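Sequential numbering of the sequence shown, starting at 0, is according to numbering that gives the first Met the number 0.
C-beta: ideal position from N, C-alpha, C; glycine also.
No experiment lies behind these values; they were computed from the predicted model shown.
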Amino acid sequence: MINFKKGWNLLLGISMLYACKKEAAAEPILPEISIEDTYKIEGDDKQTVLEFKVTVTGIYKDPITVQYKTANASAFAGQDYESKSGTLLFEAPASTQIIQIVVFSDDIKEGNETFRVTLFEPKNATLAKNTAIGGIFNDDEQLQLEETGYDTPLAYEGYELTWADEFEASTINEKDWTFEIGNGSGGWGNNELQYYTNRPENARIEAGKLIIEARKESLNGFQYTSTRMKTQDKQVVRLGRIDIKAKLPKGQGIWPALWMLGNNIQQVGWPACGEIDIMELVGHQPNVLHGTAHWGSDFSNHKYKGDSYKLEGEDFSARFHVFSIHWEENAIYWYLDDILYYTITINQMDGQPYPFNGDFFFLFNLAVGGNWPGNPDATTVFPQQMFVDYIRVFQRK
Numbered sequence: 000m001i002n003f004k005k006g007w008n009l010l011l012g013i014s015m016l017y018a019c020k021k022e023a024a025a026e027p028i029l030p031e032i033s034i035e036d037t038y039k040i041e042g043d044d045k046q047t048v049l050e051f052k053v054t055v056t057g058i059y060k061d062p063i064t065v066q067y068k069t070a071n072a073s074a075f076a077g078q079d080y081e082s083k084s085g086t087l088l089f090e091a092p093a094s095t096q097i098i099q100i101v102v103f104s105d106d107i108k109e110g111n112e113t114f115r116v117t118l119f120e121p122k123n124a125t126l127a128k129n130t131a132i133g134g135i136f137n138d139d140e141q142l143q144l145e146e147t148g149y150d151t152p153l154a155y156e157g158y159e160l161t162w163a164d165e166f167e168a169s170t171i172n173e174k175d176w177t178f179e180i181g182n183g184s185g186g187w188g189n190n191e192l193q194y195y196t197n198r199p200e201n202a203r204i205e206a207g208k209l210i211i212e213a214r215k216e217s218l219n220g221f222q223y224t225s226t227r228m229k230t231q232d233k234q235v236v237r238l239g240r241i242d243i244k245a246k247l248p249k250g251q252g253i254w255p256a257l258w259m260l261g262n263n264i265q266q267v268g269w270p271a272c273g274e275i276d277i278m279e280l281v282g283h284q285p286n287v288l289h290g291t292a293h294w295g296s297d298f299s300n301h302k303y304k305g306d307s308y309k310l311e312g313e314d315f316s317a318r319f320h321v322f323s324i325h326w327e328e329n330a331i332y333w334y335l336d337d338i339l340y341y342t343i344t345i346n347q348m349d350g351q352p353y354p355f356n357g358d359f360f361f362l363f364n365l366a367v368g369g370n371w372p373g374n375p376d377a378t379t380v381f382p383q384q385m386f387v388d389y390i391r392v393f394q395r396k
């Protein structure tokens with residue numbers, strides 16, 4: 000006969016033993032260490048100091064240590080900043096430490112520069128954010144750009160100037176422009192490699208020009224940074240003449256774009272909202288301009304048509320050009336320096352709805368990598384810059 004009571008006690012004992020072992024095996028929750036990005040204007044002194052704040056989050060008793068070291072990005076040790084490494088010690092209840100890095104100044108006009116400070120080999124803690132960017136903002140004499148290139152007038156017969164940004168202010172006007180941050184969904188749908196920011200290293204105004212700069216640097220898990228800015232719900236346009244004067248970058252994997260999307264994109268999605276690419280260029284073909292329209296009731300019905308314009312004897316990085324569309328009811332005309340090179344009309348929609356009679360907003364961006372341009376290679380030079388002198392919108396009186 001089975002002794003159920005004895006069997007039950009045996010099972011209970013085994014269960015308690017197993018529970019005790021599980022409890023004993025559970026690892027304690029360790030505090031987390033993170034380091035913050037920091038930026039500073041270079042200044043006129045021979046050297047200045049960047050301070051990186053390192054923080055411990057969580058309660059701890061045992062002393063915490065972590066190693067750190069600097070590394071080049073676009074700034075170089077010995078030339079732009081002082082290389083440094085060491086060990087930080089946290090003893091309870093301390094929660095912050097400061098790493099000081101000496102930055103050297105000069106009087107040479109150059110782009111803003113960055114370097115990294117990396118934490119590693121923590122003891123009695125884990126790393127929540129192990130890399131920080133140190134930014135050196137150059138404040139030397141004003142950027143000098145050759146003004147050679149094409150220009151367009153401030154007035155057209157029968158039209159009035161309804162909106163413009165001449166980029167003459169000291170900062171980008173956020174009443175007109177919104178910055179998109181991050182890498183989007185699937186690299187903005189194109190497998191792009193950059194992380195878009197609103198930092199002045201990536202987007203700023205100098206010498207009356209908007210500069211969008213793509214940089215090779217590590218940020219938030221990505222190896223490149225740049226900017227994508229838009230006028231959605233701020234400056235919305237329907238029909239007219241649009242002129243954008245710009246000087247373009249070049250290089251394998253570089254993809255500048257000046258373009259438009261239907262302002263109803265949140266309601267109908269892409270491509271039903273419509274897309275007007277005023278200018279696109281892939282950097283391995285730096286003398287070829289592309290103008291394109293995209294449309295379709297849904298993604299499965301996506302259609303696009305466009306054409307290209309090839310410069311002879313030079314590329315689009317040599318001087319400023321004006322990229323324009325003349326946008327009428329039921330038709331769009333693409334121009335380079337007032338030369339017509341492509342037209343699309345309502346009769347070319349291949350059975351899909353025509354979305355181009357609605358409200359649209361502008362987007363300016365400089366992508367790195369992606370399905371179309373391919374990835375950067377050993378020939379690609381960074382940083383890359385797109386300069387925009389102005390955008391002007393003219394509409395019929």
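| Item | Value |
| --- | --- |
| Over what stretch of residues does the beta strand (DSSP E) that includes N97 continue unbroken? | Correcting the residue identity first, residue 97 is Ile in this sequence and not Asn. Note, I97: beta strand (DSSP E), T95 to F103. |
| Give the DSSP-derived three-state secondary structure of G290 in the structure shown. | strand |
| Which residue comes first and which comes last in the beta strand (DSSP E) that contains I338? | I338 to T344 |
| Please report how far the alpha carbon of I132 lies from the alpha carbon of D150, in whole angstroms. | 39 Å |
| Between which residues of its own chain and A377 is the CB-CB distance below 6 Å, once the five residues before and five after are set aside? | none |
| Suppose the cutoff is 6 Å on Cβ atoms and the five residues either side in sequence are ignored; what does the same chain contact list for M259 look like? | I275, F359 and F361 |
| Which runs of the beta strand (DSSP E) fall wholly inside the segment 277-335 and span at least 3 residues, in chain order? | 287-294, 302-309, 320-327 and 330-335 |
| Answer with buried or exposed for C19, where buried requires no fewer than 16 other C-beta atoms within 10 angstroms of its C-beta. | Confidence at C19 is low in this model, with a pLDDT of 46, below 50, so its placement is unreliable and the value that follows should be read with caution. Counting Cβ neighbours within 10 Å, C19 comes out exposed, since fewer than 16 surround it. |
| Just to confirm, are I324 and Y332 a CB contact at a threshold of 9 Å? | yes |
| Going by CA-CA distance only, name the one from E31, E173, K215 and A292 that's closest to A330. | A292 |
| Tell me whether D232 is buried or exposed, calling it buried when 16 or more other Cβ atoms sit within 10 Å of its Cβ. | exposed |
| Check whether the Cβ atoms of E272 and G261 sit closer than 9 Å, and answer yes or no. | The sequence shown places Cys at residue 272, rather than the Glu named in the question. Yes, the pair counts as a contact, with Cβ atoms nearer than the cut-off. |
| Below 8 Å CB to CB, which residues in the same chain sit around T95 once its five sequence neighbours on both sides are set aside? | K52, V53, T54 and V55 |
| Hey, how far is the Cα of E167 from the Cα of A206? | 8 Å |
| Taking all protein chains shown into account, decide if F119 is buried (16 or more other Cβ within 10 angstroms of its Cβ) or exposed. | exposed |
| Inspect the beta-carbon positions of F381 and K122 and report whether they are closer than 9 Å. | no |
| In the DSSP assignment, find the unbroken beta strand (DSSP E) run with I264 in it and report its ends. | I264 -> not in any beta strand (DSSP E); alpha helix (DSSP H) instead, spanning I264 to V267. |
| With DSSP as the reference, label N374 as helix, strand or coil. | coil |
| Tell me whether N364 sits in a helix, a strand or coil according to DSSP, three-state version. | strand |
| F89 and I100: beta carbons closer than 9 Å? | no |
| By DSSP, does A23 sit in helix, in strand, or in coil? | Model confidence at A23 stands at a pLDDT of 47, short of 50, so the residue's coordinates are unreliable and nothing is read from them. |
| Can you look up N71 in the DSSP assignment and give me helix, strand or coil? | strand |
| Grouping DSSP H, G and I as helix and E and B as strand, with all else coil, what is W187? | helix |
| Under the assumption that V116 contacts I253 (Cβ atoms under 8 Å), give the Cβ distance between them as a whole number of angstroms. | That belief does not hold up - the Cβ atoms of V116 and I253 are roughly 28 Å apart, past 8 Å. |
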